[in-house]
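Presented below is the structure to which this report refers.
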Amino acid sequence: MLLSPELDPQNKEAIEAAMNADWEKAVNLNLALLKKYPKDIGTLNRLALSYFESGSLNKSKATYKKVLKLDPYNSIATKNLHRLSTLRAADLEKNSSTPLSPELFLEEPGKTKVVALEDLAMNRILARLRTGDILTLNTKRDEVILSNREDERIGKLPKIWSKKIATVQKAGSKFSAIVKAVKQLNSDGYGVDVLIRETQRGSKVTQAIFPSEIDFVSFVKEDTLSLLTQPSLTTSDEEEAILKKKSPESTSLETLREQEAAEEDEENE
């Protein structure tokens, strides 16, 4: 009796190969699975992703089109076909894949924050982004801009977070950022969620700048495991309300800003 694809040992092997960025192995395993389950949507989507990561754009497109013939409303295939239409083979050479550790996506109360970027780059640049890509934070005054490893501008943090991060950076705090999700918002554009992590807290910073009222959750690559649901994000109004709650240390950020303003006044005198 033929097993269902989810129970087939090769299915687990194919997913593990993708998680380890062993795309040649992933392609071969998914092709083997398709011989047994030729109409399995999950296997076809994983094969298309494996072709994409291997740099085989035409094979990836053809496989996603097979998915849509079987399931015309499949969101993964629709999203990725649109993404592939903005890419060239040369673009893929800039983004070699590396294994993803689930620990990269671990959210820690008070130390991490998932933020949707604003003022995004051109679609052609955003289409090259992968879940887990490391971004660089570049601070100019009260604006924090994120760039990829080619130093291409990706987008900037919302004003509320730019100001807070810029302030504590001046006090010695350090932050890292990775791409958590690249989402197709409509036919004309993308949305990019990043995970900001406080890697070092300045000695003068006495409170966490990120709200701690979040669950301790880890995430793995969305496309690889076909996870379609994302946790809801706190709205800007809710974030501000949380951060304005009074506590014995609630004025630390305001104090730092006042000190900076005083120093600037002294310099101007």
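In this text, residue positions in the sequence shown follow full-length UniProt numbering: the first is 1, and each later residue adds one.
The C-beta atom is built at its ideal place from N, Cα and C for all residues, glycine as well.
All values reported here derive from a predicted model rather than from experimental measurement.
- I209 is positioned such that its CB atom lies no closer than 8 Å to that of K156.
- The distance from the Cβ of L29 to that of A48 is about 14 Å, inconsistent with a contact at the 8 Å cut-off.
- Secondary structure note for T43: its alpha helix (DSSP H) is the uninterrupted segment 41 to 54.
- Cβ neighbours of Y51 within its own chain (closer than 7 Å, five residues either side excluded): V27, K59, S60, T63.
- Secondary structure at T131: coil, using DSSP grouped into helix, strand and coil.
- R153: not part of any alpha helix (DSSP H); member of the beta strand (DSSP E) spanning 153 to 156, first to last residue.
- In the structure shown, the three-state DSSP call for E143 is strand.
- The shortest C-alpha to C-alpha distance from V192 to any of R149, E118, T112 is the one to E118.
- Residue pairing by DSSP places D22 in no beta bridge whatsoever.
- Here L137 is bridged, per DSSP, to L146.
- Taken in chain order, the complete alpha helix (DSSP H) segments of 4 residues or longer contained in the region 58 to 89 are 75 to 85.
- The residue from K39, K174, E6 with its alpha-carbon nearest to that of L70 is K39.
- For K113, the CB contacts under 6 Å within the same chain, skipping 5 residues up- and downstream, are I196, F210 in chain order.
- The alpha carbon of A17 has as its nearest neighbour, out of R46, E6, P5, the alpha carbon of R46.
- Between the C-alpha atoms of G110 and A177 there is a straight-line separation of about 15 Å.
- The C-beta separation of E143 from S162 comes to about 5 Å, placing the pair in contact by the 8 Å criterion.
- Taken through DSSP and simplified to helix, strand or coil, Q207 comes out as coil.
- V114 is bridged by DSSP to L195.
- According to the DSSP secondary-structure assignment, V168 is paired through a beta bridge with no residue.
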